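>
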Amino acid sequence: MTKKQQTPTILGFYGQSGIGKTYLVKKIVAQLISEGFHAAVIKVSDKAVSIDTEGKDTYLYGQAGAETVVFSSASETTFLVKQPLPTSKIVQFLSENEEYDFIFIEGALEDWIPKIRLGDMALRENTLFTYDGNYEALIAQIRNHSL
Numbered sequence: 477m478t479k480k481q482q483t484p485t486i487l488g489f490y491g492q493s494g495i496g497k498t499y500l501v502k503k504i505v506a507q508l509i510s511e512g513f514h515a516a517v518i519k520v521s522d523k524a525v526s527i528d529t530e531g532k533d534t535y536l537y538g539q540a541g542a543e544t545v546v547f548s549s550a551s552e553t554t555f556l557v558k559q560p561l562p563t564s565k566i567v568q569f570l571s572e573n574e575e576y577d578f579i580f581i582e583g584a585l586e587d588w589i590p591k592i593r594l595g596d597m598a599l600r601e602n603t604l605f606t607y608d609g610n611y612e613a614l615i616a617q618i619r620n621h622s623l
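For the sequence shown, the numbering used here gives the first residue as 477, with consecutive numbering after it.
(1) Quick one: Cα of residue 622 to Cα of residue 613, how far?
(2) Looking only at C-alpha atoms, which of 605, 610, 595 sits nearest to residue 495?
(3) Suppose contacts are defined by Cβ-Cβ distances below 8 Å. Is residue 577 in contact with residue 489 by that definition?
(4) Roughly how many angstroms lie between the CA atoms of residue 484 and residue 529, to the nearest whole one?
(5) Determine the contact status of residue 627 and residue 555, defining contact as a CB-CB distance below 8 Å.
(6) By Cβ distance below 6 Å, which residues in the same chain neighbour residue 538 in space, the five residues on each side in sequence not counted?
(7) In the DSSP assignment, find the beta strand (DSSP E) that holds residue 489 and state where it starts and stops.
(8) For the alpha helix (DSSP H) holding residue 591, just list the boundary residues, first then last.
(9) Considering only the beta carbon of each residue, do residue 517 and residue 580 sit closer than 8 Å?
(10) What are the residues that DSSP puts in a beta bridge with residue 572?
(11) What residue from 493, 492, 508 has the CA that sits closest to residue 611's CA?
(12) Once DSSP output is grouped into helix, strand and coil, what is the label at residue 612?
(13) I'd like the list of long-range same chain contacts for residue 562, defined as Cβ closer than 8 Å, with 5 residues on each side in sequence excluded.
(14) Please classify residue 607 as buried or exposed, where buried requires at least 16 other C-beta atoms within 10 Å of its C-beta.
(15) Assuming residue 593 and residue 491 make a contact with CB atoms under 8 Å, what is their CB distance in whole Å?
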């Protein structure tokens, strides 16, 4: 069963560190993939961190001034864009280059993103609701694109 809709459902999650965002998004993705859906996840951090490794070729290319470095292997492809991008640009890239039913954004900050809050962090613009722990109700809403 292959499901691919024209426009992916975009849904963000936010909450304090350690509240369970990664656990919840991972659980949602695993269930949807097992049901034949296609999903992507964007992890947003408010810290200036890099997953590149100092001394590796990809790092050296970036240090030389390359604006984007792509690492491709037999198991995965990683794009290292050497500047911060707004989430909207990342979503646009994913939507134009792959077919996803869902794009989930952990750490969603931008106002345009529909979001679910975990915990009691201050409400952000476009928050749909606060997750109350009812996973079955949440996954049903996501699956049916009824958020």
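C-beta atoms are modelled at their ideal positions from N, C-alpha and C, and glycine is treated no differently.
Predicted, not measured: the structure shown is a model, and the values here were computed from it.
Looking at the atomic coordinates:
(1) 11 Å
(2) Checking every option, the nearest Cα to that of residue 495 belongs to 595.
(3) Taking 8 Å as the Cβ cut-off, residue 577 and residue 489 do not qualify as a contacting pair.
(4) 32 Å
(5) Here the chain comprises residues numbered 477 to 623, so residue 627 is not present and cannot be evaluated.
(6) 545, 558
(7) Per DSSP, residue 489 belongs to the beta strand (DSSP E) from 485-491.
(8) Note, residue 591: premise wrong, no alpha helix (DSSP H); beta strand (DSSP E) at 591-594.
(9) yes
(10) Bridge partners of residue 572: none, in fact.
(11) Measuring from the Cα of residue 611, the nearest candidate turns out to be 508.
(12) helix
(13) Counting only Cβ-Cβ distances below 8 Å, and skipping sequence neighbours, we find 586.
(14) buried
(15) 6 Å
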